[in-house]
Each structure stands twice: as C-alpha cells, then as structure tokens.
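J.: Numbering (the UniProt record's numbering), first residue to last: 1 to 386. Glycine included, C-beta positions come from ideal geometry on N, C-alpha and C. Before we start, here is the structure in question, set down as structure tokens.
Laid out in structure tokens, this is it:
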C-alpha cells in the first residue's frame, strides 16, 4: 500500500504531486531492474508504430500513475503507453507476480522513499521561496484543470531490451498552465560515481521553477544550478519570480557565461560553487546527439557553430532522450546543446527536462525556437517540429 499524499477533492497540492512524481519514479525502478536481471527478453515486443515496448514499461507506468492518482483523481495524465498496451502487460502472470513480489518485499522501503520525497521537496521549496521572495506557486491549492502530468515510464526501451542499461531513464513532468514547472529524470540502474537513493539502487535528478533549481534526490543541488543561481543573484539582487522563471528566455545559454565566454564567479557568495567550474569557454561546449542521427542538418549546424567558436566540433554520442537531457543538466563533459530539428521525440520525452532546464537558464524549444505546446492530446504528442 502506498503512502497516500492527499489533496482536497477540488484542488491539487502541487508540492504533494511533485513529491509523488519523484517517489513513484524511484519505486518504479524496482520492477524495471527485476524484470531485466531475470532475463525476460521474451517480454519485449513491437507496438503498432514499430517502437519497442517491454512489460517493464507497463509495470513502471502503473506504479507512477497509481501514485499520482493517490494525490488527485482529476489532473490530466498523459502516459507513453496506451491503455491497451498496459492491459497486455498486466495480463502476463509472471509480470504481475514480479510487481506483487516487489510490492510485498519492499513496502517499508516504499514508505521511506515517499517520506524522503515529501520532506526533501518541502525543504527545497521553503529554501527557494523565503519571506523575501514570495512564491509564485503559493498557496499550494491549484485547480486540477490547470495541470497536466507527462509520464515516460521507460525511456530508452530498445537499449533496455538489448541489456544496455546505461541510457535507460524514467521521466515524469508536471505542466502548469501549459508551462513545465517540475520534472524528474530517474536512472533505474544508477549512475556511475553517484550514490543510490536510500537502498533503491537508482539515481534521480529533479527540479524546475517550482523549486528554482535542479537537485540530486537524496543529495545536493546540481552544480549547473548552483552556478546559475549564484551568477543570477550577483547581477540582479532585486530578482523576483515574476522576472522570467516560468518563461526562461531563449537567449540564456545553459551554463551562464559573461560576454567574453568566461563563467562568472564571486568568492564569498556561495561556498558550494566551485571557483573553477567545469566549463570555461564556449569552445568547450559539446553537442549531444544519437550516433545514428548525427549527419545531415545536425552535422551542418554543429559545424556552423564550431566555425564561430561557439561549440566543440565533435559531438558526444548518447542514446535516449532522457539520458541526453540528464547530461545537459549535469554537464559533466561540457554538454550544452541537443540539436534535433526533426520528428522522433514526443512530449513525454522532453517535458521533464524542459521543466528542469528552465530553472537553470536553459530551455527546450522546437526547431523554430518556439516553446513546446503541452496541451496536445496523447495521439498528437509527437514533436513534429523537432
């Protein structure tokens, strides 16, 4: 039984919904790993559109949507997997047994994860919106008609089916008034050199304008988030949430540089911000793209930016939309641009990252630089403009 995070019948507590999104993503990592490690390749199959689905997709989506519905029965939830695919997945006796086994064996851990998420998000929210900076999201009671949640229960499914787990992610995003305000990117199999959350075995990054930053679940604020907050505070001491938190400008480069390209720092404002950040010039900025999609207009764009000393000429090849955007947020190797002006992604692939990037000086847009429209139905969720 999940720990229930209740809202009133008419209104939704946005912070409770965000905590449920984070906790359920972590809990859903259990069946994803269990099905994979038991070698259930026979449970992968092709959908009508030709993409791969596994029973882990269904297990993960049921857990996440169930937890979100515990908070509100009325918010709009758009999951990648259709009801038909969900039903096909749950009909399998072995798969249902896996979910039951996970639920029975890990009930105490589940409760601990949900409590951790609640406590951590309440702490982050209080720190972000102190008395001198009134919250744009207070009070927490929000009309459910203003909210949508996008769920990709298992991004990188084709890699998952092949046993390549490094780029597999679970993505959940909350949209308020058609603007992403909170996102979760969870790696069910963990992240190298990063601690797992409690005993869950997974790693997650979350954040957005709701919390004014990006954070590692159970850990610290992400370095790029620290640098952006530090630099923004220095140059705008009178900043308020109405400036552009919910509509980050396209001109803002992801890692926040001065006009000369050097990352700004100030010695005493934040002890946690490195004096020597990982990105020092725009020439070290790296594009990330799938190897199979790195030619044509993508290659031409990278070359054009490299000719202007704005981007490193060699991109980093990464699979999975969720893992690409996670690397944009953490930026450990200078990842700054994901350029893909074609069809091939859907709203659930990008919404979580869009929410987090908006809070650290970045954004995701279509090929024309327009904000992505999250009001579209599940049947029309493909990003046809890139």
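Residue 187 lies in the beta strand (DSSP E); which residues open and close that run?
T.: 179-187 is the extent of the beta strand (DSSP E) around residue 187.
J.: Helix, strand or coil: how does DSSP classify residue 394 here?
T.: Outside the shown range of the chain (1 to 386) lies residue 394, about which nothing can therefore be said.
J.: Taking residue 160 as part of the alpha helix (DSSP H), name the residues at either end of that continuous run.
T.: 157-162 is the span of the alpha helix (DSSP H), which, as asked, contains residue 160.
J.: Do you know offhand how far residue 215's Cα is from residue 299's?
T.: Computed Cα separation, rounded: 32 Å.
J.: When you compare the CB positions of residue 302 and residue 315, do they come within less than 9 Å of one another, or not?
T.: Cβ distance < 9 Å, so residue 302 and residue 315 count as in contact.
J.: Is it a yes or a no for the stretch 170-186 touching the stretch 10-28, going by three-plus beta-carbon pairs under 8 Å?
T.: They touch, by the three-pair rule.
J.: What are the boundary residues of the alpha helix (DSSP H) that includes residue 350?
T.: Unbroken alpha helix (DSSP H) run through residue 350: 347-358.
J.: Just how far apart, CA to CA, sit residue 213 and residue 38?
T.: Taking the straight line joining both Cα atoms gives about 37 Å.
J.: CA-CA distance, residue 324 and residue 336?
T.: In a straight line, the C-alpha of residue 324 is about 10 Å away from that of residue 336.
J.: Closest to residue 291 by CA distance: which of 339, 306 and 332 is it?
T.: Comparing Cα positions, the closest option is 339.
J.: Give me, in chain order, the residues of the same chain whose beta-carbon lies closer than 6 Å to that of residue 144; leave out the 5 immediate sequence neighbours on both sides.
T.: 12, 72, 74 and 75.
J.: By the three-class DSSP mapping on this structure, what secondary structure does residue 322 have?
T.: In this structure, residue 322 counts as helix in the three-state DSSP scheme.
J.: Should residue 57 go down as buried or exposed, given a rule of 16 or more other Cβ atoms within 10 Å for buried?
T.: So residue 57 ends up on the buried side.
J.: What does the alpha-carbon distance come out to for the pair residue 191 and residue 288?
T.: About 18 Å.
J.: Report yes or no: do three or more beta-carbon pairs, one from the stretch 146-160 and one from the stretch 347-355, lie closer than 8 Å?
T.: They touch, by the three-pair rule.
J.: Taking the alpha carbon of residue 34 as the point to measure from, which residue in 78, 113, 160 and 20 has its own alpha carbon closest?
T.: Answer by Cα proximity: 160.
J.: Verify whether the separation of the beta carbon atoms of residue 200 and residue 59 is less than 9 Å.
T.: Cβ atoms of residue 200 and residue 59: not closer than 9 Å.
J.: Could you tell me how far apart the beta carbons of residue 175 and residue 148 are, in whole angstroms, since I believe they sit closer than 8 Å?
T.: With 8 Å as the limit, residue 175 and residue 148 qualify as a contact, their Cβ atoms being about 4 Å apart.
J.: In the DSSP output, what is residue 228 paired with across the bridge?
T.: For residue 228, which the question treats as bridged, DSSP gives no partner whatsoever.
J.: Out of 32, 121 and 68, which one is the CA nearest neighbour of residue 54?
T.: Closest option to residue 54, Cα to Cα, is 32.
J.: Taking the alpha carbon of residue 125 as the point to measure from, which residue in 168, 180 and 15 has its own alpha carbon closest?
T.: It is 15.
J.: Over the uninterrupted beta strand (DSSP E) stretch that includes residue 66, give me the two end residues.
T.: That residue, residue 66, is in no beta strand (DSSP E); its alpha helix (DSSP H) goes 55-71.
J.: Mind checking who residue 77 pairs with in its DSSP beta bridge?
T.: According to DSSP, which records beta bridges pairwise, residue 77 is partnered with 149.
J.: Excluding the 5 residues preceding and the 5 following residue 218 in the sequence, name in chain order all residues of the same chain whose CB lies nearer than 6 Å to its CB.
T.: Closer than 6 Å at Cβ, skipping near neighbours: 197.
J.: Determine the direct distance from the alpha carbon of residue 231 to that of residue 36, and round the result to whole angstroms.
T.: Distance between the alpha carbons of residue 36 and residue 231 is about 43 Å.
J.: With DSSP collapsed to three states, give me the class of residue 337.
T.: It is a strand residue.
J.: If you run the structure through DSSP and keep just helix, strand and coil, what is residue 15?
T.: The answer is helix: DSSP assigns residue 15 an H, G or I state.
J.: For residue 311, which residues from the same chain have a beta carbon less than 8 Å from its beta carbon, with the 5 sequence-adjacent residues on both sides left out?
T.: Answer for residue 311: 282, 283, 285, 286, 287, 302, 305, 336 and 337, listed in chain order.
J.: Do you know whose CA, among 308, 10, 376 and 229, lies nearest residue 128's CA?
T.: Nearest C-alpha to residue 128: 229.
J.: How many angstroms separate the CA atom of residue 117 from the CA atom of residue 180?
T.: Cα to Cα, the separation comes out at about 19 Å.
J.: Assuming residue 412 contacts residue 359 (C-beta within less than 8 Å), just tell me the rounded distance between them.
T.: Since the displayed the chain opens at 1 and closes at 386, residue 412 lies outside it and no answer follows.
J.: According to DSSP, is residue 240 part of a helix, a strand, or is it coil?
T.: No answer about residue 240 holds up, because its pLDDT of 48 lies below 50 and its placement is not dependable.
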